[in-house]
Amino acid sequence: MNKKKMMKVAIVTLLLFVSIFIALTIYYTASLKPLEKNGKEKLVEIPSGYGLNSISDLLENSKIIRSSTIFKVRVKLKDVGNQLKAGKYLLSANYSVDEIIDIIAQGKVVNESTAFTIPEGWKLDQIAQELEKQQLVQDKDDFIKEASKIEKYQESYKFLSTIKDAPERTLEGYLFPDTYFIDKEENTQDIVKKMLARFGEVFTEEYINQAKSIDMTIDDIVILSSIVEQETKYDIDRPGVAGVFYNRIDINMPLQSDVTVLYALGVHKEQVLYKDLEVDSRYNTYKYTGLPVGPIGSFGISSLKATLYPEENEYYYFIAKPDGYCVFNKTLGEHNVDVNKYLR
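For the sequence shown, UniProt numbering assigns the number 1 to the initial residue and increments by one for each residue that follows.
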């Protein structure tokens, strides 16, 4: 092989190695970043006797990290392989690999705690009742009383600042549905703070700016999201239902939401009767135009996103069919036809 060919082979080989090095560097750097932007904390238990390989596999299988291989490489580079400790940890996919390594190496295990889950759509009284049932609070009424002290929390949690008539309201809608790990030593105030902190994590700066761009306050979004949550069964329908409500607001048409009437009545039933529509309450969106005075329960991220980014449509009516999916209409006449078709 002459020198010219040898030079070409050397250059190609060098370029190949450089390309591989760059690709590996990009992959390595990306794998160190959080797996998810808004990952929830979850309880991960590292059993006694687990070494680096087992811990790495456990974290990858738990969807906490992107790559067990990169995790092992990083642990070895940080020279903390013999410091990883067994125990129960609260970890999240929105933690970087370095953060996760530090937590486990420093043995930041969680205290013995009880997992408490708030399902999407639950109301304040349901949350309080379940807390009492699980003996996480002594009295459900004490929790409700604490959750009525909005002004107490407004300075620490700025997203509460847009609530109107705060003394007459509760934190209904702001106790975000999620699974919380509650220690025996924590009191009602600690639990409320934990739930508000989670709301603050979910309602990002992007969402705050989006609310402003559609001329809505944070509280407006919370109120409407709580209605969208209870009016819909499936995520696919939520943006359309939110669009219907915005269309009604734009022409000063009552929202006419059955779930707000049920909230005003303080009952849960499958069908709202004509006499129910007469209840004199600012939560009765048949009687009063605009949004009700406050939220009617908690809501999930899908309802929040639907309210912030509603479907642009020309519908003013919708009904839920027996299978739970919604049908949308432009006119009252079309709506009545579908009511007769699906509900009678």
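Don't be surprised by glycine CBs; every beta carbon is placed ideally from N, CA and C.
### Message
What residue range does the beta strand (DSSP E) around residue 180 cover?
### Response
Stepping through the sequence shown from its first residue, residue 180 is reached at position 180. Element bounds for residue 180: 179-183.
### Task
Could you have a look at residue 218 and say whether DSSP puts it in helix, strand or coil?
Your numbering for residue 218 matches position 218 in the sequence shown. Looking at residue 218 - three-state DSSP - the assignment turns out to be helix.
### Query
From residue 140 to residue 173, what does the alpha carbon distance come to, in whole angstroms?
Walking along the sequence shown from the start, residue 140 turns up at place 140. Walking along the sequence shown from the start, residue 173 turns up at place 173. C-alpha separation (whole angstroms): 17 Å.
### Proximity below 9 Å, CB of residue 109 to CB of residue 88
Here the question's residue 109 lines up with position 109 in the sequence shown. Here the question's residue 88 lines up with position 88 in the sequence shown. Their beta carbons are under 9 Å apart, which means residue 109 touches residue 88 by this criterion.
### Query
With which residues is residue 44 paired in a DSSP beta bridge?
Mapped onto the sequence shown, residue 44 falls at position 44. In DSSP, residue 44 forms a bridge with 89.
### Task
Hey, could you find the ends of the beta strand (DSSP E) residue 317 is sitting in?
As a first step, residue 317 must be located in the sequence shown, where it is residue number 317. Element bounds for residue 317: 317-320.
### Query
Would DSSP call residue 113 helix, strand or coil?
As a position in the sequence shown, residue 113 is number 113, starting the count at 1. Three-state result, residue 113: strand.
### Task
Taking all protein chains shown into account, decide if residue 207 is buried (16 or more other Cβ within 10 angstroms of its Cβ) or exposed.
The residue you call residue 207 lines up with position 207 of the sequence shown. Buried is the call here.
### Query
Does the segment 248-259 come close enough to the segment 276-291 that 3 or more CB-CB pairs lie under 8 Å?
yes
### Whole-angstrom C-beta distance between residue 237 and residue 326, which should lie under 8 Å
Taking the first residue of the sequence shown as position 1, residue 326 is located at position 326. Taking the first residue of the sequence shown as position 1, residue 237 is located at position 237. Here residue 326 really is in contact with residue 237; their C-beta atoms are around 4 Å apart, less than 8 Å.
### Message
On the DSSP letters alone, give me the boundaries of the beta strand (DSSP E) that residue 345 sits inside.
### Response
Because the chain here runs from 1 to 344, residue 345 falls outside it and cannot be looked at.
#### Entry: Three-way DSSP call (helix, strand, coil) for residue 61 in this model
The count along the sequence shown starts at 1 and reaches residue 61 at position 61. Residue state for residue 61 is assigned as helix, using DSSP reduced to three classes.
### Message
Are the CB atoms of residue 160 and residue 166 within a distance shorter than 9 Å?
### Response
Locating residue 166 in the sequence shown gives position 166, counting from the first residue. Locating residue 160 in the sequence shown gives position 160, counting from the first residue. Yes; because the gap between Cβ atoms is below 9 Å, this pair is in contact.
#### Entry: Contact set for residue 340: own chain, Cβ-Cβ below 8 Å, skip 5 residues either direction
For the purposes of this step, residue 340 is taken as the residue at position 340 of the sequence shown. The answer is none, since no qualifying residue turns up.
### Query
Who are the near neighbours of residue 178 in its chain, counting only those whose CB is closer than 7 Å to its CB and skipping five residues on each side?
For the purposes of this step, residue 178 is taken as the residue at position 178 of the sequence shown. Counting only Cβ-Cβ distances below 7 Å, and skipping sequence neighbours, we find 40, 118, 198.
### Query
Below 9 Å between beta carbons: does that hold for residue 328 and residue 317?
For the purposes of this step, residue 328 is taken as residue 328 along the sequence shown, with counting starting at 1. For the purposes of this step, residue 317 is taken as residue 317 along the sequence shown, with counting starting at 1. Yes; because the gap between Cβ atoms is below 9 Å, this pair is in contact.
### Query
With a CB to CB cut of under 7 Å and the five nearest residues on each side skipped, what residues in its chain are close to residue 302?
On the sequence shown, position 302 is the one that residue 302 refers to. The answer, listed in chain order, is 235, 238.
### Segment limits, alpha helix (DSSP H) that includes residue 199
Position 199 of the sequence shown, counting from 1, holds the residue named residue 199. From DSSP, the alpha helix (DSSP H) with residue 199 extends over 188-202.
### Task
Could you tell me the boundaries of the alpha helix (DSSP H) in which residue 246 lies?
If you number the sequence shown from 1, residue 246 lands on position 246. Segment 238-250, the alpha helix (DSSP H) holding residue 246.
### Task
Could you round the C-beta distance between residue 100 and residue 91 to whole angstroms and report it? I think they count as a contact, below 8 Å.
Walking along the sequence shown from the start, residue 100 turns up at place 100. Walking along the sequence shown from the start, residue 91 turns up at place 91. Contact flag correct, Cβ pair sits at about 6 Å.
### Query
If you drop the 5 nearest sequence neighbours on each side, which residues of the same chain put their C-beta closer than 6 Å to that of residue 188?
On the sequence shown, position 188 is the one that residue 188 refers to. So the qualifying residues of the chain are 137, 142, 143, 146.
### Query
Whole-angstrom Cβ separation of residue 202 and residue 171, contact assumed at under 8 Å?
To locate residue 202, count along the sequence shown from 1; it is residue 202. To locate residue 171, count along the sequence shown from 1; it is residue 171. No, residue 202 and residue 171 are not in contact; Cβ-Cβ is about 15 Å, not under 8 Å.
### Task
Whole angstroms is fine: what's the gap from residue 93's alpha carbon to residue 104's?
Stepping through the sequence shown from its first residue, residue 93 is reached at position 93. Stepping through the sequence shown from its first residue, residue 104 is reached at position 104. Taking the straight line joining both Cα atoms gives about 15 Å.
### Query
What are the boundary residues of the alpha helix (DSSP H) that includes residue 213?
In the sequence shown, counting from the first residue as 1, residue 213 sits at position 213. 205-213 is the span of the alpha helix (DSSP H), which, as asked, contains residue 213.
#### Entry: Start-to-end residues for the alpha helix (DSSP H) that takes in residue 306
In the sequence shown, residue 306 corresponds to position 306, counting from 1. 301-308 is the span of the alpha helix (DSSP H), which, as asked, contains residue 306.
### Neighbour flag for residue 295 against chain B, beta carbons, 9 Å
Absence of chain B from the displayed structure is noted, only one protein chain being present.
#### Entry: Cβ neighbours of residue 308 in the same chain (closer than 7 Å, five flanking residues each side left out)
Numbered from its first residue, the sequence shown carries residue 308 at position 308. Scanning its chain for C-beta atoms nearer than 7 Å, with the 5 sequence neighbours on each side dropped, one finds around residue 308 the residues 207, 210, 211, 221, in chain order.
### Query
Looking only at its own chain, which residues have a Cβ that is under 6 Å from the Cβ of residue 17, when we skip the five neighbours before and after it?
One-based indexing of the sequence shown puts residue 17 at position 17. For residue 17, where only same-chain residues beyond five positions count, there are no Cβ hits under 6 Å.
#### Entry: Cβ-based neighbour list, residue 180, same chain, cut-off 8 Å, excluding 5 preceding and 5 following
As a first step, residue 180 is located in the sequence shown; it is residue number 180 there, counting from the start. Here the set comprises 115, 116, 117, 118, 191, 194, 195, 198.
### Query
Taking residue 230 as the reference, which of 120, 274, 273 has the closest Cα?
What you label residue 230 is simply residue 230 of the sequence shown in a count that begins at 1. Nearest Cα to residue 230 within the set 120, 274, 273: 120.
### Message
Can you give me the C-alpha to C-alpha distance between residue 184 and residue 73, rounded to a whole angstrom?
### Response
The count along the sequence shown starts at 1 and reaches residue 184 at position 184. The count along the sequence shown starts at 1 and reaches residue 73 at position 73. Rounded to whole angstroms, the gap between the alpha carbons of residue 184 and residue 73 is 38 Å.
#### Entry: With 16 other Cβ atoms within 10 Å as the buried cut-off, status of residue 11
Numbered from 1 along the sequence shown, position 11 holds the residue referred to as residue 11. Residue 11 is exposed by the Cβ-count criterion.
### Query
Which one of 36, 263, 243 has the shortest CA to CA distance from residue 95?
For the purposes of this step, residue 95 is taken as the residue at position 95 of the sequence shown. Of 36, 263, 243, the residue nearest in Cα terms is 36.
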